[in-house]
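**Q**
In the UniProt record's numbering, the protein residues as written are 1 to 288.
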């Protein structure tokens with residue numbers, strides 16, 4: 001049996017920075033309440049551990065509960081400008097761990113919106129990153145997530161198009177070709193982050209070489225879901241799992257070349273636990 005791990009898998013720079021900042025704030029503010037706006041990243045193990053250490057998850061509709069001086073961690077997906085303004089007015093201390101790649105998209109949208117461009121976001125309208133980016137153009141963006149949706153765009157005089165940072169590269173390219181037909185004066189920015197492109201590319205290559213492919217990450221993680229879509233095109237035995245507990249003998253039985261990749265919010269220790277469980281199921285290691 002061979003276990004092959006994608007060259008780029010697991011924590012990316014933005015997620016690593018967000019998690020390290022959250023734990024630093026916990027240590028620095030022992031005994032003081034810290035709030036987290038939604039899930040800082042889409043990983044249940046990490047969120048559970050932060051909650052145990054005293055970080056309180058709060059949703060946008062509950063922010064009125066906060067009082068002056070409270071600390072609030074802004075998740076890596078980012079939030080709208082309106083929300084930043086609300087928190088500042090309320091006197092909330094913000095610990096902003098917005099991913100730098102997401103912040104770049106927000107800045108592009110804000111700049112071009114105030115220059116009179118219509119904004120087009122290619123991505124999932126329900127994803128927190130996209131909702132946050134839309135908030136930098138007063139929620140006026142056209143959000144499209146497929147070629148079909150792009151065809152429904154109205155004819156626009158001038159527009160600026162950006163991509164959700166975790167979008168599949170070829171989706172952006174295909175949808176952009178349709179957008180070009182809809183806009184007279186178009187400026188566009190491929191804002192898919194470098195780490196995402198490398199992770200997707202290495203997962204795609206590995207999935208062509210294996211008998212079974214495991215994609216590890218939170219079930220609500222957009223970038224992990226996209227990795228699964230990419231892998232299952234090459235390997236029909238592709239499984240999206242959150243942790244080692246989901247592994248079964250049936251998944252690995254009679255499969256000798258096993259591939260593993262992981263979403264940007266998946267810690268190394270979760271990947272290691274999956275590898276150990278696979279070895280146990282294949283009879284190479286006793287379960288600890």
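Note that CB positions come from ideal geometry on N, CA and C, so glycine has one too. Treat the numbers as computed from the prediction; the structure is a model and nothing was measured.
If you follow the beta strand (DSSP E) that residue 241 is part of, which residue opens it and which one closes it?
**A** 238–241 is the extent of the beta strand (DSSP E) around residue 241.
**Q** Kindly list the residues whose CB is nearer than 6 Å to the CB of residue 5, restricted to its own chain and excluding five residues on each side of it in sequence; keep chain order.
**A** Once the five neighbours on either side are set aside, the close Cβ partners of residue 5 are 260.
**Q** Are three or more beta carbon pairs between the stretch 13–20 and the stretch 89–109 nearer than 8 Å?
**A** In short, these stretches touch, since the Cβ pair count reaches three.
**Q** Quick check: what's the CA-CA separation for residue 120 versus residue 196?
**A** Approximately 21 Å, taken between the alpha carbons.
**Q** Take residue 151 as the anchor and find which of 157, 135, 109, 181 has the nearest alpha-carbon.
**A** Closest option to residue 151, Cα to Cα, is 181.
**Q** Output yes or no for whether 8 Å exceeds the beta carbon distance between residue 230 and residue 168.
**A** In this structure, residue 168 lies closer than 8 Å to residue 230 by Cβ.
**Q** Please classify residue 241 as buried or exposed, where buried requires at least 16 other C-beta atoms within 10 Å of its C-beta.
**A** Classification of residue 241: buried, given that the 10 Å Cβ count is 16 or more.
**Q** If you draw a straight line from the C-alpha of residue 334 to the C-alpha of residue 221, how long is it?
**A** As displayed, the chain neither begins before 1 nor continues past 288, which places residue 334 out of reach and without an answer.
**Q** Taking only three categories from DSSP, how would you classify residue 88?
**A** Helix, per DSSP.
**Q** List the endpoints of the continuous alpha helix (DSSP H) containing residue 171.
**A** 169–182 is the extent of the alpha helix (DSSP H) around residue 171.
**Q** Whole alpha helix (DSSP H) runs in the stretch 174–234 with 4 or more residues, listed along the chain?
**A** If we require 4 residues or more, the alpha helix (DSSP H) runs fully inside the stretch 174–234 come out as 194–207, 222–232.
**Q** Which residues share a DSSP beta bridge with residue 56?
**A** Looking at the DSSP assignment, residue 56 forms a beta bridge with 35.
**Q** Hey, how far is the Cα of residue 268 from the Cα of residue 10?
**A** Near 7 Å, if we compare the C-alpha coordinates of residue 10 and residue 268.
**Q** Taking 8 Å as the cut-off, does the stretch 195–209 touch the stretch 21–39 (at least 3 CB pairs, one atom from each stretch)?
**A** Contact fails: fewer than three Cβ-Cβ distances are below 8 Å.
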